[in-house]
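Written out below as structure tokens is the structure these notes cover.
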Amino acid sequence: MSLLPRFLQIKEPVKQTWFKKLPSHLGIIIGEDRISFSDISNLIIWSFCVGIHHVSIYDSTGFIKSNGNQLYREAILRKNSCLQKKANSLNIIFSDGKAPYLYNTITKNGHRTEDLKVYLLSHEDGKQQIVKAAKFLCKDARNNPEILEKLYAHNFDSYIKGALDVPDPEMVVVFGKTSALIGYLPWHIRLSEIMFQSTHHNISFEEFQSLLCQYSKCEQRFGK
Numbered sequence: 001m002s003l004l005p006r007f008l009q010i011k012e013p014v015k016q017t018w019f020k021k022l023p024s025h026l027g028i029i030i031g032e033d034r035i036s037f038s039d040i041s042n043l044i045i046w047s048f049c050v051g052i053h054h055v056s057i058y059d060s061t062g063f064i065k066s067n068g069n070q071l072y073r074e075a076i077l078r079k080n081s082c083l084q085k086k087a088n089s090l091n092i093i094f095s096d097g098k099a100p101y102l103y104n105t106i107t108k109n110g111h112r113t114e115d116l117k118v119y120l121l122s123h124e125d126g127k128q129q130i131v132k133a134a135k136f137l138c139k140d141a142r143n144n145p146e147i148l149e150k151l152y153a154h155n156f157d158s159y160i161k162g163a164l165d166v167p168d169p170e171m172v173v174v175f176g177k178t179s180a181l182i183g184y185l186p187w188h189i190r191l192s193e194i195m196f197q198s199t200h201h202n203i204s205f206e207e208f209q210s211l212l213c214q215y216s217k218c219e220q221r222f223g224k
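Counted from 1, the sequence shown has number 116 at position 116 by our numbering; the numbering is strictly sequential.
This is the structure we're talking about:
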């Protein structure tokens with residue numbers, strides 16, 4: 001952690017020199033049985049430090065989501081210890097992709113602040129959201145059959161956003177020994193760069209930086 005304060009002091013030059021591009025939304029998939037809230041909190045704070053303002057945390061079992069208040073407290077502690085005097089400039093907002101959780105404590109205090117939105121997701125937010133969106137579409141089509149005559153992917157996307165309002169992640173990191181997405185947001189990852197890391201336990205800032213550098217070097221052709 002001794003590297004982080006020095007990194008924060010040169011935040012803007014770092015963004016321009018190290019990274020040709022950065023994801024606006026970083027997806028994190030935890031595929032390990034043992035989950036470390038302290039290490040996940042580091043990933044959350046580091047993301048903000050480099051300029052990422054949307055982070056989704058996914059585990060298929062829903063353990064993280066059901067214990068979100070514990071992760072939130074850990075993230076606040078990390079924010080205060082890492083950012084120190086700059087801690088008041090960051091609002092961390094936890095949500096399920098639909099509405100902020102009640103345990104969020106947002107204070108302005110006259111300071112200029114930035115929001116970091118953290119989405120806690122589980123298997124019910126993956127394929128089940130597509131099922132819900134399909135039900136909404138069928139209900140609308142029953143009253144207005146013409147909808148189906150002009151249905152394209154971007155039209156269906158509005159139904160997905162109605163069920164789960166989470167931006168598409170440009171970069172997804174899977175932590176664990178399995179090379180699978182284990183149900184993470186199948187509709188949202190059409191253009192995502194997917195990377196794999198053996199574990200999130202004791203992950204260092206240098207490792208996090210290396211993942212971002214890999215993403216920065218990826219040539220995205222968007223299906224061309």
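Note that CB positions come from ideal geometry on N, CA and C, so glycine has one too.
Cβ neighbours of residue i in the same chain (closer than 7 Å, five flanking residues each side left out)
i	result
I147	D140, A141
H188	V166, D168, P169
D39	H200, H201, N202, I203
Buried or exposed by the 16-neighbour rule on C-beta atoms within 10 Å, applied to residue i
i	result
A289	Past the edges of the chain, shown from 1 to 224, lies residue 289, and the structure says nothing about it.
L102	exposed
C82	buried
K65	buried
D131	First, the residue type needs correcting, since residue 131 is Val and not Asp in the sequence shown. It is exposed - the Cβ of V131 has fewer than 16 other Cβ atoms within 10 Å.
G48	With the sequence shown as reference, residue 48 is identified as Phe, and Gly is not the correct amino acid for it. Per the 10 Å Cβ criterion, buried.
Q129	buried
L191	exposed
Beta-carbon contacts of residue i that lie in its chain and below 6 Å, excluding the five residues immediately before and after
i	result
C218	E193
I29	Y58, V174, Y184
Whole-number beta carbon distance between residue j and residue i, since they are thought to touch under 8 Å
i	j	result
I76	N91	No, I76 and N91 are not in contact; Cβ-Cβ is about 10 Å, not under 8 Å.
P186	K127	6 Å
I45	K79	6 Å
K117	H200	Incorrect: roughly 20 Å between the Cβ atoms, too far for contact.
Per DSSP, the bridge partner or partners of residue i
i	result
F94	V118
V172	G27, I194
H54	H25, K117
P280	The structure shown does not extend to residue 280, since the chain is modelled only from 1 to 224, so the question has no answer here.
P100	S95
Spatial neighbours of residue i in its chain, beta-carbon cut-off 8 Å, leaving aside the 5 residues before and after
i	result
D96	K65, Y119, L120, L121, D125
T61	S122, H123
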